[in-house]
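Enquirer: In this note's numbering, the protein residues as written are 43 to 415. Built from N, CA and C at the ideal position, the CB exists for glycine as well. For reference, the structure I am asking about is given below.
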């Protein structure tokens, strides 16, 4: 449509902020007993309305208004489906970490197939037809969700709502959410800077960045599925710390590699990091807020979205003045901050557990002394 880049930035920030507000609101409503299925369908309707609007609107103010309202609703779809999945796992006594990881691995599979199909479709059919196609597909998904997804038990929802007196998220959820934010800043910065570094500064073919991203996705999918077992064995926080260490090694290696063969090889590190990071992150926050699953899930999605925005934005600023290789160092800095935060959290938790054990031993000793007397 010929809009200047600044307008694209205004649009992106506007609907992202609207999505954050709506996601947290929907999460709070789900925690109060509102059926997550209904909220999910509402978000899908918003997505369909956004796509329909984009097919016909031509003025920036119209697109901005439609995007802020409808895409704000649409962004709540992911937190709502994740909330439903967690409730399903809890209801049927399933391993929540494993179920979440399986769901996220299927999303990665869609990302491998989806973008190439989308670009091919745009090339063959044009933008308007594609927006209309997106509208139709979204409405079909909403219809399928309405017909097939189970409705939350009203009595159970009311019982849960009465037991949930939490009005704000626990501090641990906010703290861990910020660590995930830094992790996604690192990943988003890498995804944005790497293609430009390879093609502009190393003069590699345009197809190579896509090859690296596809290989990473192929590596991360099985890691996501295995991560649930690792988390149960070693602990989610410790496993996440390990993934951040792997990421630091990867980002350092990115500064040293100059050939496509070596870049392909080190994608194993990136796949290991991101597979663990994305596989257990949502469960980590949900487990810290069992009485506020909806809010915790929405907070997770919002921190990931903010991380993507900040990572991409910082890359542009650093690359403007220093270069794309230097911009990749931002990923190392962000992941280092996240690792240090996780380390402090783990040490604090260990001290807290130690204090509780000492207190329990003291209570048992006092009871034994009283019994002896």
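1. Using 8 angstroms as the Cβ pair cut-off and three pairs as the minimum, do the stretch 125–143 and the stretch 346–354 touch?
2. Can the beta-carbon of residue 240 be found closer than 9 angstroms to that of residue 309?
3. Determine whether the Cβ of residue 373 lies closer than 9 angstroms to any Cβ atom of chain D.
4. Between the beta-carbon of residue 318 and the beta-carbon of residue 272, is there less than 9 angstroms?
5. What is the C-beta distance between residue 235 and residue 83, in whole angstroms, given that I count them as a contact (C-beta under 8 angstroms)?
6. Let me make sure I understand the geometry here. Which of 75, 123, 372 and 328 has the alpha-carbon closest to that of residue 191?
7. Under DSSP, the alpha helix (DSSP H) around residue 79 begins and ends at which residues?
8. Quick check on residue 349: buried or exposed, where buried means 16 or more other Cβ atoms within 10 Å of its Cβ?
9. Helix or strand or just coil, what does DSSP make of residue 69?
10. Grab me the residues of residue 58's own chain with a C-beta within less than 7 angstroms of its C-beta, minus the 5 sequence neighbours each way, in chain order.
11. With DSSP run on the structure shown, which of helix, strand or coil describes residue 58?
12. Can you give me the start and stop residues for the alpha helix (DSSP H) that residue 297 sits inside?
13. What first and last residue would you give for the alpha helix (DSSP H) that runs through residue 119?
14. Rounded to whole angstroms, what's the CA-CA distance from residue 301 to residue 295? Just pull it up for me.
15. Near residue 205, what residues of its chain come up, given a Cβ to Cβ distance below 6 angstroms and the 5 sequence neighbours on each side ignored?
16. Cutting at 8 angstroms between CB atoms, please list the residues of its own chain near residue 383, excluding the five before and the five after it.
17. Give me the Cα-Cα distance between residue 155 and residue 393, rounded to the nearest whole angstrom.
18. Is it buried or exposed for residue 170, if we count other Cβ within 10 angstroms and need 16 for buried?
19. Less than 7 angstroms between C-beta atoms, sequence neighbours within five positions excluded: which residues of the same chain meet that for residue 378?
20. Three or more beta-carbon pairs under 8 angstroms between the stretch 314–334 and the stretch 87–105, yes or no?
21. Just confirm the distance between the C-beta atoms of residue 269 and residue 143, as a whole number of angstroms; I'd bet it's less than 8 angstroms.
22. Specify the secondary structure class of residue 362 as computed by DSSP and reduced to three states.
23. Provide the residue span of the alpha helix (DSSP H) that contains residue 189, from first to last.
24. Quick one: give me the first and last residue of the alpha helix (DSSP H) that residue 320 is part of.
25. Compare the Cα-Cα distances from residue 176 to each of 135, 116 and 189 and report the closest residue.
26. Roughly how many angstroms separate the alpha carbons of residue 72 and residue 151, rounded to a whole number?
27. Got a sec? Which residues, its chain only, sit under 6 angstroms from residue 88 by beta carbon, not counting five neighbours each side?
28. Assuming residue 236 is part of the alpha helix (DSSP H), what are its boundary residues?
29. What first and last residue would you give for the alpha helix (DSSP H) that runs through residue 104?
30. Helix, strand or coil for residue 259 per DSSP?
31. Can you have a look at residue 65 and say buried or exposed, based on whether 16 or more other CB atoms are within 10 angstroms of its CB?
32. Going along the chain, which residues of its own chain have a beta-carbon closer than 8 angstroms to the beta-carbon of residue 184, five neighbours each way excluded?
33. Work out the CA separation of residue 322 and residue 278 for me, nearest whole Å.
34. Is the beta carbon of residue 339 closer than 9 angstroms to that of residue 109?
35. Can you give me the Cβ contacts of residue 137 inside the same chain, cut-off strictly under 8 angstroms, excluding the 5 residues immediately before and after it?
36. Can you determine whether any heavy atom of the ligand PLP sits closer than 8 angstroms to the C-beta of residue 333, and answer yes or no?
Expert: The relevant details are as follows:
1. no
2. no
3. Annotation note: the requested chain D is absent from the structure, which comprises a single protein chain.
4. yes
5. Not a contact, Cβ separation roughly 38 angstroms.
6. 123
7. 78–98
8. buried
9. helix
10. 347 and 351
11. helix
12. 278–298
13. 119–133
14. 12 angstroms
15. Note on residue 205: pLDDT 49, under 50, position unreliable in the model; no value is reported.
16. 217, 220, 221 and 224
17. 46 angstroms
18. exposed
19. 290
20. no
21. 6 angstroms
22. helix
23. 169–190
24. 302–330
25. 116
26. 28 angstroms
27. 112, 115 and 116
28. 213–238
29. 102–108
30. helix
31. buried
32. 83, 86, 87 and 90
33. 7 angstroms
34. no
35. 131, 270 and 274
36. With respect to small molecules bound, the structure shown includes none, and the ligand PLP cannot be examined in it.
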